[in-house]
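See structure below.
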Amino acid sequence: MLTDLTDTTTSDIRAALTRLRDQSGGPAIGVVLNLIIMTDESGQHDAVRAASQAGREHPCRVLTVIAREAQAPSRLDAEIRTGDGIPGQTVLLRLYGPMSEHADSVVMPLLVPDTPIVTWWHGLLPAVPSSQPLGVLAQRRVTDAARARAPAQALIKLAAGYKPGDTDLSWTRATPWRSLLAATLDQLNREILGGVVSAEEQNPTADLLAAWLGTRLGVPFVRETSGGPGITEVRLTTEDGDVTISRPDGRVATLSRPGQPERHVALQRREIADLLAEELRRLDPDEIYGEALEAVAGVQELAH
Amino acid sequence: MIYNPLRDPRDRRIPRLAGPCVLVLFGVTGDLATKKLLPAIYDLANRGLLPPGFSLVGFARRHWADQDFARLTHDAVKAHARTPFREEVWNQLAEGIRFVRGEFSDDEAFDNLAATLKQLDAERGTGGNYAFYLSVPPDAFPIVVQQLKRAGLSTPPESAGGQQSWRRVVIEKPFGHDLASARELNAMLDAVFPPYAVFRIDHYLGKETVQNLLAMRFANTLFEPIWNRRYVDHVQITMAEDIGIGGRAGYYDGIGAARDVIQNHLLQLLALTAMEEPLSFAAESLRAEKEKVLAAVQIPDDLAIGTARGQYGAGWQGGIEVRGFLQEEGIPSDSLTETYAAIRLTVDNRRWAGVPFYLRTGKRLPTRMTEIAVLFQRAPHLPFAKTDTAELGHNAVVIRIQPDEGITVRFGSKVPGSAMEVRDVNMDFAYGESFTESSPEAYERLLLDVLIGDPPLFPRQEEVELSWKILDPIEDYWASRGRPEQYPAGTSGPVSADRMLEIDGRAWRRL
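In the order they appear, the protein sequences are chains A and B.
Per the working numbering, the very first residue in the first sequence carries number 1; after that it's consecutive.
Per the working numbering, the very first residue in the second sequence carries number 1001; after that it's consecutive.
Structure below.
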C-alpha cells in the first residue's frame, strides 16, 4: 500500500506509520533493524528494491533519504510503502533545499527505538562514513566502492577514514571466493609461496581479496588485469605446482590442484540484495575487513 | 585439522563448509528423500555450502541409469527446494549424480557401489569420504550395514601421509522399539561403525526454534532465574497432528504414538527444556547435560492415572468426515496400537523436584502444532479484588516449534477502562516475521553437520537407551490393559487424558 504525504512533517509521518500498523492488524511487527539508505532519485529504485528483498530475511524499517533540488525552499515529501508481501515498512523521504543538509533531524524521529541502525550509502560515497551525521548513529556503515568513479582511490580514502563498523559491498562480494579459498586450504597441506589474483581492471573486490590473501598468508599476492567479468582467477603457488580457481564466465569455477582431478563448483556473482542481506546478518565490526582495507591502502600507496 | 591461516574466529562471513565427499542415499524414492533430503542437498549447494566435486549416489532396486536418478532429483528440487532454482548450481550438482541398482542382499550391487565410489574419488576428487544415509525401513539396517562392511566401505583406508578420510552412517528413527531392540540395533551398528561415525537424526533438533531454546535459556538473564520449581508450576510439551496415519499403516501398527513421537522428539524437547547449562555447546557437554536430565526422569507411581492413551474413531476433522483408526487400510480391526499418548513425568533433581512435565502427542487432533509451554505459578498474593483478576491465568512462556515458529510470553494486563480488570495478553516473537525466509530447513542443517562431522545435534546411544528406559514400563503397562480408549477424530484426545490433569487441578492448553 502507498501513502503519499506532500509537504509534511516527521510527526505526521510517525502518525501515519502508527495508523498503518494498527490498520494492518498485526500489533508488534518483528522489525529487527532500521536501515537508512542515502541515495538520489536515480538510485532510489534499485536501492529500495534491494532493501525490500533483503527485508525478507531481516524485516526492517527502511528510511530512504533522497536529496532533491538544493536551491528550492526547505520541504519534506514522504512516501510510505507497507504490505505487498514485504515485511516491515519503507519510507521514502525527499528533502528539498537547506533541509537536505540536516537529514539526520528528519531521520532520527522516525527510527524504531531499541533496534539497531545500519546506514547504507547507495551511489554517493562519503569520504569518512563515521563522521557523517547519519553515520554516527549507525552500528554499521555500508558503502560501495565499486560504484565510485575511481574505485581504487575510493578504497584508499575509505582506509584513511576507517572506523570499526565500516564495511563495503566490494568486500561482501569477496565472501564466496574467500570461503572457497578457505575450504581449499583446509584440504591443502602445503605452504603457499605466493599467488596471483586476476580480475578486470577496476575491481575493488579483487584488490581486497589480494590484500586479504597477502596479509593472512604472509606472502606477496600480485594483482593482474584480465578481461573479467569480475574476478577470473586466483592462483596459489606451492612447491608441487599451482593451485588455481578459475572462473572465466562469472558463473562456474574450476578448482585445479596438482595430481588431482579438476573440480567444478557454482560460484555466481551475486545480486545487490544478496550482498545487503549478508551485510545485515552481522552487526558487529568486521575487523578482518579493516585489516584487508589497511593492506590495500598500503600496497596502493607504494604503487603511486 | 591443518592450521589454516585463512580461517579466523573473528571472520564470521566465511561459513562452515564440508570437505570433499560423497553422500550415498539408500531409499531414494521414499517421501523423505524426495520431499526433504534431495531438496535440502540442492539448497546447501545453492548456498555455497557444499564442497567442489560433491557427489551424490542413489542406491535402489529400480532399473535406472544415472540420468533417471538425476531426473528424480531434479523434479524433487523443483517441487520442494526452498531457494530459487539456478541452472548453474543444478548443473554442478547433476555432474556428480550417480545411480547404483540392486537389492540389499545382492553382493554384486554393493561391489558396484564400491567401484562407483572409487571412480568418483578419481574423477571428482571426493577423497574417499563417504556418508551413507539409510533412509530405509529399520529392518533393512542390518543387511545394508553388513553389506557396507563386506564391500570394505565401512572403514576408511589407513591414511598414507595425507589427510585421514572418513566414513559415516546416518540413521533415522525408530531406533528400536524398546530398550532391548535399541541395544540390539546399536550392537549391530557398533560392530561395523565406531560410535562417533553414527549419526542418529532427530529432525526436530535441526529446527531453528529448538536451537533457539538454548539461546533463549542460556544467552539471556531474563528467563533462567525463574526456570525452576520456585516459579514454574508445570510444563506441557505437545506434538499434535491433524492427519491420520495415512499410508504408514505397515510401520505404525504395533508402534503407536508413544514410540513414534514421545520416545524421541518429546523426550529430547524435555531434556533441552529441563537441562542445566552445558559447559559449552560442544557435543560432549551438551549430551552430558541431556543425559543427566533423562536419567533423572521418573514415571508416575500409578500408571493408571499418570498416563493416558487413545485411538481415534470416525469423526469430522477440519470440516471433512474421516475414518477411524481401526477402519484405516492395513490396520487390523482389533489393533491395540494407540494413536494418542499422554504421560506425566517428573524430573527428580533440585531444580525440578515436584514440577510435573506433561507430554502428549496424537493424530487426528484439531490442529497441527508442536510447542513447549512453561506455565508459571500464580502470584502468591494479588493486591486486587477477586473479581478484578478472575480472568487472569498462569503466566507462560511458550516455545512454538511448528508451525509458525516463535516464542509467546503470556502475562496479565489491565483492560483499558475505568475499572481495574486484569486479563491475560500475549506478547509474540515470530520467526516468520523477524528473521526466517531463508532460515535453513532442519534437514539442511543436519546434513551439513553430518558432512562436516559435527555431532551436537544428534542424540547419542545413551540418550536413546535412557528414553526407552522411561517408556518401556509404560508400554508394558498399556499392553496389559487391553484396548485403548476411543476419541472422535477432530477432538483433542481421550477423556482419560483430560482426567490425568484434572486430578492435579490443571488442564491442557487448548489445541
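We put the beta carbon where it would ideally sit given N, CA and C, even for glycine.
The structure presented is a predicted model; accordingly, all values stated were derived computationally and were not measured.
If you reduce the DSSP assignment to three classes, tell me which class residue 28 of chain A lands in. Low confidence applies here, because residue 28 of chain A scores a pLDDT of 44, under 50, leaving its location unreliable and the question unanswered by this model.
What's the gap between the Cα of residue 27 of chain A and the Cα of residue 89 of chain A? Caution applies to residue 27 of chain A, whose pLDDT of 44 falls short of 50 and renders its modelled position unreliable; the value that the coordinates give is listed next. Straight-line Cα distance between these residues: approximately 14 Å.
Does any residue of chain A have a CB that is nearer than 9 Å to the CB of residue 1089 of chain B? At least one chain A Cβ lies under 9 Å of residue 1089 of chain B.
Locate the alpha helix (DSSP H) running through residue 1234 of chain B, then write down its first and last residues. That residue, residue 1234 of chain B, is in no alpha helix (DSSP H); its beta strand (DSSP E) goes 1232-1240.
Just verifying my parser: in three-state terms, what is the DSSP assignment at residue 164 of chain A? Per DSSP, reduced to three states, the secondary structure at residue 164 of chain A is strand.
For residue 1006 of chain B, tell me which candidate among A:72, A:185 and A:11 has the shortest Cα-Cα distance. Comparing Cα-Cα distances from residue 1006 of chain B to each of A:72, A:185 and A:11, the minimum goes to A:185.
Let's test the definition: count the other Cβ atoms within 10 Å of the Cβ of residue 1085 of chain B and tell me whether it reaches 16, buried, or not, exposed. Flag for residue 1085 of chain B reads exposed.
Roughly how many whole angstroms lie between the Cα atoms of residue 1511 of chain B and residue 1488 of chain B? Roughly 15 Å between the two C-alpha positions.
For residue 1395 of chain B and chain A, any beta-carbon pair shorter than 9 Å? Not flagged as an interface residue toward chain A: residue 1395 of chain B, since no C-beta distance is shorter than 9 Å.
If distances are taken between C-alpha atoms only, which option among A:183, A:123 and A:178 comes closest to residue 154 of chain A? The option with the nearest alpha carbon to residue 154 of chain A is A:123.
Who are the Cβ neighbours of residue 1437 of chain B in its own chain at under 7 Å, not counting the five residues just before and after it? Residue placement at residue 1437 of chain B is poorly supported in this model, since its pLDDT is 48, which falls under 50; the coordinates still yield a value, given next. Sequence-distant Cβ neighbours of residue 1437 of chain B in its own chain, meaning closer than 7 Å and more than five residues away, do not exist here.
Tell me the DSSP secondary structure of residue 1211 of chain B in three-state form. Helix.
Listing by chain order, which chain A residues have their CB less than 8 Å from the CB of residue 1163 of chain B? The contacting residues are 187 and 189.
Using a Cβ-Cβ distance cut-off of 9 Å, determine whether residue 957 of chain B contacts chain A. For chain B, the structure presents residues 1001 to 1511; residue 957 of chain B sits outside this window and is missing.
Hey, would you say residue 1034 of chain B sits closer than 9 Å to residue 1076 of chain B, going by beta carbons? Cβ distance < 9 Å, so residue 1034 of chain B and residue 1076 of chain B count as in contact.
What residues from chain A crowd round residue 1167 of chain B, counting only those whose CB sits closer than 8 Å? Chain A residues near residue 1167 of chain B: none, gap ~17 Å exceeds 8 Å.
Within 8 Å, do at least three Cβ pairs link the region 1336-1350 of chain B to the region 1315-1323 of chain B? No, because fewer than three Cβ pairs between the region 1315-1323 of chain B and the region 1336-1350 of chain B fall closer than 8 Å, the two stretches do not touch.
As a quick exercise: from A:95, A:94, A:163 and A:100, pick the residue whose alpha carbon is nearest that of residue 128 of chain A. Closest by alpha carbon: A:163.
When you check each C-beta in the region 159-175 of chain A against every C-beta of chain B, which residues fall closer than 9 Å? From the region 159-175 of chain A, only 171, 172, 174 and 175 have a Cβ closer than 9 Å to chain B.
By the three-class DSSP mapping on this structure, what secondary structure does residue 1218 of chain B have? If DSSP states are grouped into helix, strand and coil, residue 1218 of chain B belongs with the helices.
For residue 1503 of chain B, does the count of other Cβ atoms within 10 angstroms reach 16, so buried, or fall short, so exposed? Around the beta carbon of residue 1503 of chain B, fewer than 16 other beta carbons sit within 10 angstroms, so the residue counts as exposed.
I'd like to know whether the C-beta atoms of residue 1138 of chain B and residue 1102 of chain B end up nearer to each other than 9 Å. Cβ distance not < 9 Å, so residue 1138 of chain B and residue 1102 of chain B don't count as in contact.
So, at 7 Å on beta carbons, what are the nonlocal neighbours of residue 1044 of chain B in its own chain, with the 5 sequence-adjacent residues on each side left out? Short of 7 Å from the beta carbon of residue 1044 of chain B, and not among the five residues preceding or following it, lie these beta carbons of its own chain, in chain order: 1050, 1444, 1447 and 1448.
Check the Cβ of residue 1040 of chain B against every Cβ in chain D and list those closer than 7 Å, keeping chain order. No chain D is part of this structure, whose protein chains are labelled A and B.
Closest residue to residue 230 of chain A among A:22, A:63, A:177 and A:44 (Cα-Cα distance): With distances taken between Cα atoms, residue 230 of chain A lies closest to A:177.
Curious, which full-length alpha helix (DSSP H) runs of at least 4 residues does the region 1010-1045 of chain B contain? List check, alpha helix (DSSP H) in window: nothing returned.
Find the residues of chain A that neighbour residue 1095 of chain B, judging by a C-beta separation of less than 7 Å, and give them in chain order. For residue 1095 of chain B, the C-beta contacts it makes with chain A under 7 Å involve 264, in order along the chain.
Can you pull the chain A residues whose beta carbon is under 7 Å from the beta carbon of residue 1052 of chain B, in chain order? Those within 7 Å of residue 1052 of chain B in chain A are 255, 263, 264 and 265.
Is the shortest distance between the beta-carbon of residue 361 of chain A and the beta-carbons of chain B less than 9 Å? Residue 361 of chain A lies beyond the residue range present for chain A, which begins at 1 and ends at 304; the question has no answer from this structure.
Would you check if there are 3 or more beta carbon pairs closer than 8 Å linking the region 1354-1373 of chain B to the region 1481-1501 of chain B? Touching, per the Cβ criterion.
With a threshold of 9 Å between beta carbons, is residue 260 of chain A in contact with chain B? Answer yes: the Cβ-Cβ gap between residue 260 of chain A and chain B drops below 9 Å somewhere.
If the cut-off is 7 Å on Cβ atoms, which residues from the region 205-225 of chain A count as contacting chain B, listed in chain order? Within the region 205-225 of chain A, the residues whose Cβ lies closer than 7 Å to any Cβ of chain B are, in chain order, 216 and 217.
Buried or exposed: where does residue 1243 of chain B fall if 16 or more other Cβ atoms within 10 Å of its Cβ makes it buried? The Cβ neighbour count for residue 1243 of chain B, taken over all protein chains shown within 10 Å, is under 16; the residue is labelled exposed.
Using DSSP with H/G/I as helix, E/B as strand and the rest coil, what is residue 1442 of chain B? DSSP places residue 1442 of chain B in helix when its eight states are reduced to three.
Reduced DSSP category for residue 1436 of chain B - H, G, I as helix; E, B as strand; rest coil: Legend: pLDDT at residue 1436 of chain B = 46, less than 50; position of this residue unreliable, no value from coordinates given.
Exposure label - residue 1265 of chain B; buried when at least 16 CB within 10 Å: Burial call: buried.
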